[in-house]
Each structure stands twice: as structure tokens, then as C-alpha cells.
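Structure record follows, encoded as C-alpha cells.
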Amino acid sequence: MASARACLALVVVRASIGHGLQPSLLDEETFDRAVFAPGVSTLIKFFAPWCGHCKALAPKWDVIAKEFEDSSSVLFAEVDCTSPGGESLCTKYGVEGYPTLKYIQEGDSEPQNIELNDLELETLRSIAMQNLRPGCSLEHMDACTAEERATLQSFAAMGEAERDAQLANMIRPLDEAKATLSKLQEELEELEEKVEEAEERVQEVTAEMGTSILLMQRVMRRSS
2 MASARACLAL VVVRASIGHG LQPSLLDEET FDRAVFAPGV STLIKFFAPW CGHCKALAPK
62 WDVIAKEFED SSSVLFAEVD CTSPGGESLC TKYGVEGYPT LKYIQEGDSE PQNIELNDLE
122 LETLRSIAMQ NLRPGCSLEH MDACTAEERA TLQSFAAMGE AERDAQLANM IRPLDEAKAT
182 LSKLQEELEE LEEKVEEAEE RVQEVTAEMG TSILLMQRVM RRSS
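Sequential numbering from 2 applies to the sequence shown in this note's numbering.
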């Protein structure tokens, strides 16, 4: 992915200003403050300018963003993964293909993945309507299932120290799993490099000795 990222660009986010949504350019220092702002749900499009599917999605994305332009609680964000400012964000959030959509409901601390099955307008509208509504929280209990409500209330009943300890216990196995995945990905990249080197060596030897080997084998078959 890094090889495809060259030109300087920044993260483009439609930020809520006044009565509508106005374009705003964000970098790594301002990104979190925009997309994780209190009372805001965000839909983020990670893209590359050369990507054909991204180009096909762009006008439909603009249509849906227009439908939410009067909302003071919804952001439509775009991250150009070919730029230095966008590349690190795409890497941070595990973007491996384009376009990739993620959402952040009010109160979330991490973007959540969206499975984009097609690029149809109605699909995108459904994604926005489903994921940009307020998420389950103490402020929006009506958005919770019965199970989520019970879990939320049990967490709320805990003391601060107990919540901190339990959250740490929840996060620990996830961090360990991510670390394992990262290590395996690094090992896979190293292995892929070795495979490429081996393939190149096979091609070199074949170019150098292939004809002679073939002729020798023919002579040996004739003599046997």
C-alpha cells in the first residue's frame, strides 16, 4: 500500500459548521478531535484517487452527504490513503483495500468496520441510516437492546476503579491478539520477500542453464 502513496494531501472531512456541513481539511493532530467530537457520529471513506471503485462511489457519497448536510450530529469524512497525512491514518485503522468505509457512533473510541457489498446508492443510504444514528449509551438507552441495556446498567453501577480494572481485562486479550497478528504479518512479509528472491534465482538459473540441461537430458534419454 505504501508504494501507491506519493502525493501530498490531507484528510478531507465535512465538518459541521453553522447550519450545514462545510469542507474542512484535517491532519493527524486534528483528526481525532473532529471525528470523535462529543455528540457526533461519523462515516469515514478511506480511498485512493486512482481507484476505479472509489471514483464510482464518489458521486453517490456526495448525494448521501447532501442528505445529512443540515445535521449538527453527523460528519462525512474522507481520508486520502495516498497522502503522507492520510497514509498513517489508513495504516492505523487497518485499511487494506479501497474504498473502505468505517463508522464511529457517538461515544465510540474506535472506528467500526462496514462491509461494503456493492456501490449502489440505496446500499450507501442504508449504511448511513443504520450506523449514524445514536449508539447505545446512557444518554440513548432507547437505542439499546435489552441485553445491552442490562450490561450498560451493570457497568454504570460499578465504581470507577472497578470499571477501569474490568476494561483493562477486556482490552488485554484484544491487544495480545493484535500483537500476534502484527508479528505474523511481519513474518509473512519477510517470507514473501524470500519467496520473490527464490523465484528470481530460479529464473536466473533457468535462463543460464535451462537449455543446456534440456539438451543433456535429451542426449541421456537417447543413449539409454
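Heads up, the beta-carbon is just placed ideally off N, CA and C, and yes, glycines get one too.
All values reported here derive from a predicted model rather than from experimental measurement.
In whole angstroms, what is the alpha-carbon distance linking residue i and residue j?
| i | j | result |
| --- | --- | --- |
| methionine 217 | glutamate 205 | 19 Å |
| leucine 215 | glutamate 193 | 30 Å |
| serine 84 | lysine 46 | 14 Å |
| valine 203 | alanine 180 | 35 Å |
| aspartate 109 | serine 42 | 9 Å |
| leucine 175 | glutamate 198 | 35 Å |
| lysine 56 | serine 213 | 52 Å |
| isoleucine 172 | glutamate 68 | 37 Å |
| glutamate 161 | glycine 40 | 23 Å |
| glutamate 163 | histidine 141 | 23 Å |
| alanine 129 | isoleucine 115 | 10 Å |
| leucine 189 | tryptophan 62 | 35 Å |
| leucine 22 | valine 80 | Reliability of the predicted coordinates at leucine 22 is poor, the pLDDT of 41 falling under 50, and the value obtained from them is presented with this limitation in mind. Approximately 17 Å, taken between the alpha carbons. |
| alanine 5 | cysteine 52 | Only weak support exists for where alanine 5 lies, its pLDDT of 38 falling under 50; the value from the coordinates is given anyway. Looking at the two C-alpha atoms, the distance is approximately 11 Å. |
| methionine 159 | aspartate 165 | 10 Å |
| leucine 58 | arginine 126 | 12 Å |
| threonine 207 | glutamine 186 | 31 Å |
| glutamate 191 | glutamate 177 | 21 Å |
| glutamate 149 | glutamate 88 | 35 Å |
| lysine 155 | alanine 147 | The sequence shown places serine at residue 155, not lysine. In a straight line, the C-alpha of serine 155 is about 12 Å away from that of alanine 147. |
| proline 60 | glutamate 201 | 44 Å |
| proline 24 | glutamate 209 | Only weak support is given to the placement of proline 24: the predicted model assigns it a pLDDT of 38, under 50, and the value that follows is read from those uncertain coordinates. Taking the straight line from one Cα to the other gives about 59 Å. |
| glycine 211 | valine 196 | 20 Å |
| glutamine 113 | glutamine 131 | 13 Å |
| aspartate 71 | glycine 86 | 28 Å |
| arginine 219 | serine 183 | 50 Å |
| methionine 221 | glutamate 97 | 52 Å |
| asparagine 170 | valine 64 | 43 Å |
| threonine 92 | leucine 168 | 25 Å |
| serine 74 | proline 50 | 28 Å |
Need the endpoints of the beta strand (DSSP E) that residue i sits in, please.
| i | result |
| --- | --- |
| leucine 102 | 101-105 |
| alanine 1 | This structure leaves residue 1 out entirely; the chain is present only between 2 and 225. |
Flag this pair as yes or no: are the beta carbons of residue i and residue j separated by less than 9 Å?
| i | j | result |
| --- | --- | --- |
| leucine 44 | leucine 102 | yes |
| proline 135 | glutamate 107 | yes |
| tyrosine 94 | histidine 54 | no |
| threonine 66 | alanine 35 | Per the sequence shown, the amino acid found at residue 66 is alanine instead of threonine. No. Outside cutoff. |
| leucine 133 | threonine 124 | no |
| leucine 90 | alanine 38 | no |
| phenylalanine 48 | cysteine 82 | yes |
| cysteine 137 | leucine 122 | no |
| alanine 157 | leucine 139 | yes |
Tell me the residue span of the alpha helix (DSSP H) that contains residue i.
| i | result |
| --- | --- |
| threonine 43 | No alpha helix (DSSP H) holds threonine 43; the beta strand (DSSP E) holding it covers 42-48. |
| tryptophan 62 | 53-68 |
| glycine 87 | 85-93 |
| proline 174 | 161-224 |
| serine 72 | No alpha helix (DSSP H) contains serine 72, which DSSP labels as neither H nor E. |
| methionine 130 | 122-132 |
| valine 36 | 29-36 |
| glutamate 149 | 147-157 |
So who's on the other strand from residue i, going by DSSP bridges?
| i | result |
| --- | --- |
| serine 138 | His141 |
| asparagine 118 | Asparagine 118 pairs with nothing; no bridge assigned. |
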